[in-house]
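When you line the sequence shown up against the UniProt record's numbering, it's residues 1 to 519, in that order.
Every residue, glycine too, gets a C-beta built ideally from N, C-alpha and C.
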Amino acid sequence: MCKGIGYNLTYMPNQFNHDTQDEAGLEVHQFWPLVEIQCSPDLRFFLCSVYTPICLLDYAKPLPPCRAVCERAKAGCSPLMRQYGFAWPERMSCDRLPALGDPDTLCMDYNRSEPTAAPPALAKPTRASRGPQRSLAPGGGADCGRVCRCTEPFVPIARESHPLYSKIRTGQPYFTQDEKTFASFWIGLWSILCFLSTATTVATFLIDMERFRYPERPIIFLSACYLFVSLGYIVRLVAGHASVACNPEYRHVHYETTGPALCTMVFLLLYFFGMASSIWWVILSLTWFLAAGLKWGNEAIAGYSQYFHLAAWLIPSVKSIAVLALSSVDGDPVAGVCYVGNQNLDNLRGFVLAPLVVYLFTGTLFLLAGFVSLFRIRSVIKQGGTKTDKLEKLMIRIGIFTVLYTVPATLVVACYVYEQHYRESWEKAHNCSCPGDPSKPKPDYAVFMLKYFMCLVVGITSGVWIWSGKTLDSWRQFTGKWCRGRKPSMYSEASSALTGRAGGATSASYHKQVPLSQV
C-alpha cells in the first residue's frame, strides 16, 4: 500500500511498537477499503507516514505527519466511518501531531494541486480485506472513541475467523507471571499423580486380568485413557510451554494449525484419549445397567465387548481426524498445551463442549436406571430374608465411583460453559477498552485451575475400584511367581549334579543290560 509514497526508507519500531513491516502491514491494511474508495486523497499518505514513518539519514529525530494532513484525512473519511458504526482511532488523534510551522517539531505534508478533501463516497466498505474494527463501549454502545485493535499480547492475523482478527502471543494477557508459574506447577503436580495412579491400575489389571470382568472392566480402559492424558501434560512439562504451544517463528501461540509434530502429539494425547475416556464412562454405565436392570450375566455382556471397543476408539478417531483436517488445533496460553477451541469459540462448542455434555448426560441416565434396579433387587432380597451385605457393598462402591467421576466431569463442563460464555467479552475488554472504562472483565483464575485439576482428578480416583485386599494379594502372588521363576530349586540343583557325575563315567557302566529278576 505504501509503495511509491514518496520515500523508500523507514524505521522500526514505529510509534505503535510494531517491530517489523509485516506486523505494521497487517494492522494498516484494516484501512485498505477506505483507501480504495478514496474517501480522502490524504489518507494513504497519512497512514503510511504513521505506520511506516520516513527515515532520513541526516536527521535522527522522528518526522511525523503534520496535523493538517491528519485533519484532512479525518474530514474526508470520518463521516463515512461513523455511517457504518466506526470511530476515528484515538491513537491517531490529530491533536497529538505538530502543526505546520511549529518551531519545536518538524513535520511533513503532502504537496497536492488538487482539492485536499474529496467528498465521502457512499459505497459500503468491502469485507474482502480486513476493515477497521467496530468500536465497542462497555455497555454495548457502538462509539466510545476507540477502535478495537490487537493490544499486547494479541497480534493481528490475516483471517476473519476470529472475532477480533487477533491471536495471542506466547504470553497470556489476563494473569500475572506468578499465576502463570503456579499454573505450570499445578498442572505438573496433578498430571504426575494421575500418571502414577492410572499406571498402577493398568498394571494391576495386566497381572490379574481374570479378576476384572464385565461390567467393571471398562473402568480399566477408562484409567488407561487417563494414563495417556496425563502423559500429554507431562510431555508439555518436559518440553516446555513455548516448545509445545507456541510458534517460534512468529512468536505467538499456535492458531488453526495441524503441527508441528510435538503440538499434534500432545493434542492427540489429550483430545483423543480424553474423549475416549468419556465414551468408556458411558459404556461403564451401560454395562452396569445391563447387569443390574436387565439381569445380564458377565458372559452375555462380554459378548458385546468388540462393539464397546469399536465405539470407544472409532468415535474419538473420527473427531480427531476432523479437527486435524480442518486445521483447528490451537495452543492453550495458560496450560501451554495444544488442544482445540482455545482461541476459536465455534471449535470449543462443537468439538469439546457439545460431546462432553452428550456423554455425561447419556452415562448419567444409564447409571440412574441401574441404581433404581439395584434398589429394587435389594428390596426383593430383603423381603426373602436373605442377607444383602455383598450387594450393599457393591452399591456403595458403585456410588462412590459415580460421585468421583460425575462431579469432576460436571465441573469441567461448567468451566467450559463459563469460558465460552465470557471469552469474547474478555477479549473485547482487552482490545477495545475506552477512556474512563470501569474495571475490565477478566477471567477468574480459580476457574481455570479448577478445570485443569478436574481434567486429571478422575484418573487419580479411578484407582478407588482396585483399592482392596485383593489387589495386595494379586501383587503378592505376582512377585512371588516372579521371584520363584528366577531362583533355581533344590531339585534342579541336585539333578544337575547327578547329571554331571554321570557324564564322567563310562557309558558301559551305566548302560549294562540286567535281567528283570535281578532288579
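Residue state for Ile-315 is assigned as helix, using DSSP reduced to three classes. Inclusion of Ser-191 and Ile-219 in the CB contact set at 7 Å is not warranted, their separation being larger than that value.
With a 10 Å radius around the Cβ and a threshold of 16 neighbouring Cβ atoms, Ile-54 comes out buried. Nearest Cα to Leu-365 within the set Ile-207, Thr-406, Asp-444 and Pro-79: Thr-406. Rounded to the nearest angstrom, the gap between the Cα atoms of Thr-258 and Ser-327 is 5 Å. Under the DSSP assignment, Asp-178 falls outside any beta strand (DSSP E), being part of the alpha helix (DSSP H) whose first and last residues are 177–207.
Judged by DSSP in its simplified three-state form, Leu-237 adopts helix. Taking all protein chains in view, the Cβ of Arg-44 is crowded by 16 or more other Cβ atoms within 10 Å, so the residue is classified as buried.
Residue pairing for Cys-55: DSSP places it in no beta bridge.
Here Ser-93 is exposed. Its C-beta has fewer than 16 other C-beta atoms within 10 Å.
For the pair Gly-76 and Thr-10, the Cα-to-Cα distance works out to about 26 Å. About 6 Å separates the CB atoms of Val-329 and Val-340; that is less than 8 Å, so the two are in contact. For Ser-285, the uninterrupted alpha helix (DSSP H) segment begins and ends at 273–292.
Annotation: the segment 89–114 contains no complete segment of the alpha helix (DSSP H) (minimum length 4 residues). Counting of Cβ neighbours within 10 angstroms places Phe-185 among the exposed residues, the total staying below 16. Cys-225 is a Cβ neighbour of Ala-276, given a cutoff of 7 Å. When secondary structure is reduced to three states using DSSP, Thr-20 falls in the coil class, being assigned neither helix nor strand. Taking C-beta separations shorter than 6 Å and ignoring five residues to either side along the sequence, the partners of Leu-237 in its chain run Gly-188, following chain order. Here the C-alpha atom of Ala-199 lies approximately 14 Å from the C-alpha atom of Thr-471.
Look at Pro-65 here: in three-state DSSP terms it is strand. Contact between the segment 464–481 and the segment 205–218 is present: three or more C-beta pairs spanning the two stretches fall below 8 Å.
The C-alpha of Ala-24 is placed about 49 Å away from the C-alpha of Leu-196. Sixteen is the threshold: since fewer than 16 other Cβ atoms of the shown chains lie within 10 Å of the Cβ of Asn-17, the residue is exposed. At least 7 Å separates the beta-carbon of Leu-269 from that of Gly-240. Distance from Ala-300 to Ser-373 at the Cβ level is roughly 16 Å; contact not present, criterion being Cβ atoms closer than 8 Å. Residue pairing by DSSP puts Thr-10 in a beta bridge opposite Ile-54. When DSSP states are grouped into helix, strand and coil, Cys-77 belongs to the helix group.
Its chain contains Gln-15 and Pro-53 as the residues whose beta carbon lies nearer than 8 Å to that of Pro-62, once the 5 sequence neighbours on both sides are disregarded; these appear in chain order. Here the C-alpha atom of Ser-78 lies approximately 20 Å from the C-alpha atom of Pro-98.
In the DSSP annotation of this structure, the continuous segment of the alpha helix (DSSP H) that includes Ala-354 starts and ends at 354–383. The beta carbon of Ala-183 sits closer than 8 Å to the beta carbons of Phe-175, Val-334, Ala-335, Phe-448, Met-449 and Tyr-452 from its chain, once the five residues preceding and following it are set aside; these are given in chain order. One thing to note: Cys-66 has its Cβ within 7 Å of the Cβ of Cys-107.
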